[in-house]
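Residue numbers (my numbering): 2 to 129. I have placed the structure first, in the form of structure tokens, so that the comments after it can refer back to it.
What follows is the structure, encoded as structure tokens:
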């Protein structure tokens with residue numbers, strides 16, 4: 002994987018991707034549904050998701066409990082946020098992704114840690 006932080010881009014293979022995205026603080030204002038009584042998408046989140054190729058899969062993770070499940074699903078649907086799976090009730094701790102490396106040397110796990118409530122995922126350049 003090649004990364005050029007000045008241009009905020011990452012070079013990856015042309016293979017379809019699986020995106021594992023946290024919900025609160027990453028796609029939406031952290032705890033906005035508790036603090037403001039409503040959910041709010043972070044600037045650029047919808048546009049970024051909309052720019053992902055159709056063959057990419059999107060999995061959303063959230064520590065939200067089942068109490069907030071229907072409200073969350075309704076909001077994502079109304080906001081037009083595309084996803085394939087959403088997993089509720091996950092622990093508050095670190096999210097650990099473990100994957101293999103292809104025989105070609107291609108690393109199959111990549112992680113980006115963003116500042117809370119600032120959607121600034123690097124642009125993915127598909128060319129390797």
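The C-beta atom is built at its ideal place from N, Cα and C for all residues, glycine as well.
According to the neighbour-count rule (16 or more other Cβ atoms, all chains shown, within 10 Å of its Cβ), is residue i buried or exposed?
i: residue 19; result: exposed
i: residue 40; result: buried
i: residue 77; result: buried
i: residue 116; result: exposed
i: residue 113; result: exposed
i: residue 50; result: buried
Under DSSP, the beta strand (DSSP E) around residue i begins and ends at which residues?
i: residue 29; result: Where residue 29 is concerned, there is no enclosing beta strand (DSSP E), given that its DSSP letter is neither H nor E.
i: residue 86; result: 86–88
i: residue 18; result: From DSSP, residue 18 is part of no beta strand (DSSP E); its letter is neither H nor E.
i: residue 214; result: Coverage of the chain is limited to positions 2 through 129, which leaves residue 214 absent and any answer about it impossible.
Can you give me the C-alpha to C-alpha distance between residue i and residue j, rounded to a whole angstrom?
i: residue 89; j: residue 35; result: 16 Å
i: residue 82; j: residue 10; result: 23 Å
i: residue 24; j: residue 105; result: 33 Å
i: residue 21; j: residue 62; result: 7 Å
i: residue 98; j: residue 48; result: 25 Å
i: residue 13; j: residue 126; result: 6 Å
i: residue 102; j: residue 38; result: 43 Å
i: residue 161; j: residue 121; result: This structure gives no information on residue 161, because the portion of the chain shown stretches from 2 to 129.
Please state the DSSP three-state secondary structure of residue i.
i: residue 48; result: helix
i: residue 103; result: coil
i: residue 115; result: coil
Check for me: the alpha helix (DSSP H) holding residue i runs from which residue to which?
i: residue 58; result: From DSSP, residue 58 is part of no alpha helix (DSSP H) but of the beta strand (DSSP E) over 58–62.
i: residue 39; result: No alpha helix (DSSP H) holds residue 39; DSSP gives it neither H nor E.
i: residue 72; result: 70–80
Using 8 Å for Cβ pairs, my map puts residue i next to residue j. What's the rounded Cβ distance?
i: residue 92; j: residue 64; result: 7 Å
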